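Inspection log for the structure reproduced underneath, given as structure tokens.
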Amino acid sequence: MAASAAELTDADAGRPAAPVRGSAPGAGLAWLLIVVGAIGALCAAIIQVEKLHLAEDPGYTTSCDINTLVSCADVMQSPQASVFGFPNPILGLLGFPLVGMIGAAVLAGGRFAGWFWAAATGGLMLATLFCHWLMYHALFTIRALCPYCMAVWACSLVGFVYVAAFGLKEYGSGGAFERGFYRWRHLIAVAWLAAIALLILFAFRDYLG
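Here the sequence shown stands for residues 1 to 209, numbered as in the UniProt record's numbering.
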């Protein structure tokens, strides 16, 4: 006689859940995501508040208006500051808390499937690409820097590198690229940030020189 639905349900309830493929991320990655999420969200919030002050008073001096080179007002009042019809910081206020929450969940012992890490990597990759587009315009179109914006660039980049490295190691094909990316993730992040610093120096070489 076929087992009843109730019997099957009871049997399934006592059966251990299928293990999630891959090892759990370490506390290092968890704390990195928490810090990146917190700094990114804080900087996005500051930018948004300053942008609101500028909307009310175009003559307002922001907290990071230092000189013609470091001028947040020039960046915040540019067309690139509202690419999608609303202030760019809104994206950071939505995205960075999610990054921090992932870190907190991992720190609490949470484990996620490969598709989750792929989605997180994709989201951070899009954020990093968008930040690089904004960076290009800040350096070569607007010709001014916003320290809070640069912090957001760095947070997006670092978050992307480390989440991608973990995902490739745990859920990739195990090839040389995946192993190498994970092994050299620290160097990749530092070299990438150093390349951005050199690009900034190049873009403003006349001002600095």
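Glycine included, each C-beta is placed from N, C-alpha and C at the ideal position.
Predicted model only: the values in this text are computed from it and were never measured.
query	result
Note down, in chain order, each residue of its chain lying with its Cβ closer than 8 angstroms to the Cβ of G192, except the 5 sequence neighbours on either side.	The question names Gly, yet the displayed sequence has Trp at residue 192. Answer for W192: L157 and V161, listed in chain order.
Go ahead and pull the three-state DSSP assignment for V106.	helix
The alpha helix (DSSP H) with W153 in it runs from where to where?	P147 to Y171
At the level of alpha carbons, what is the spacing between A41 and N88?	12 angstroms
Helix, strand or coil for V70 per DSSP?	strand
Have a look at P79 and L145 and give me their C-alpha separation to the nearest angstrom.	15 angstroms
Hey, L139 and L199 are a contact pair by Cβ (cut 8 angstroms); roughly how many whole angstroms apart?	7 angstroms
Can you give me the C-alpha to C-alpha distance between R185 and A165, rounded to a whole angstrom?	6 angstroms
Measuring straight from C-alpha to C-alpha, what distance separates A197 and A151?	12 angstroms
Considering only C-alpha positions, which residue in the set F84, T141 and D57 is nearest to L69?	T141
Here's the rule I'm using: 16 or more other beta-carbon atoms within 10 Å means buried, otherwise exposed. How should A176 be labelled?	exposed
Along the chain, where does the alpha helix (DSSP H) containing D206 start, and where does it finish?	R205 to L208
Taking Cβ positions, are C155 and I39 nearer each other than 8 angstroms?	yes
Starting from A144, trace the alpha helix (DSSP H) both ways and give me its first and last residue.	Run containing A144: none; DSSP gives neither H nor E here.
Just checking my contact of V99 with L29 at CB under 8 angstroms: how many whole Å lie between their CB atoms?	With 8 angstroms as the limit, V99 and L29 do not qualify as a contact, their Cβ atoms being about 11 angstroms apart.
Tell me where the alpha helix (DSSP H) around W31 begins and ends.	A27 to E56
Let me see if you follow: with CB-CB separation under 8 angstroms, is I47 close to chain B or not?	Note that chain B does not occur in the displayed structure, where there is just one protein chain.
So, using beta-carbon positions, are G159 and L124 closer together than 8 angstroms?	yes
Would you kindly work out how many angstroms separate the C-alpha atoms of L32 and G103, rounded to a whole number?	7 angstroms
Taking the CB atoms as reference points, tell me whether E178 and L187 lie closer together than 8 angstroms.	no
Which residue comes first and which comes last in the alpha helix (DSSP H) that contains Y182?	A176 to R183
Taking 7 angstroms as the limit between beta carbons, can you name the residues of its chain near F204, skipping five residues before and five after?	L69
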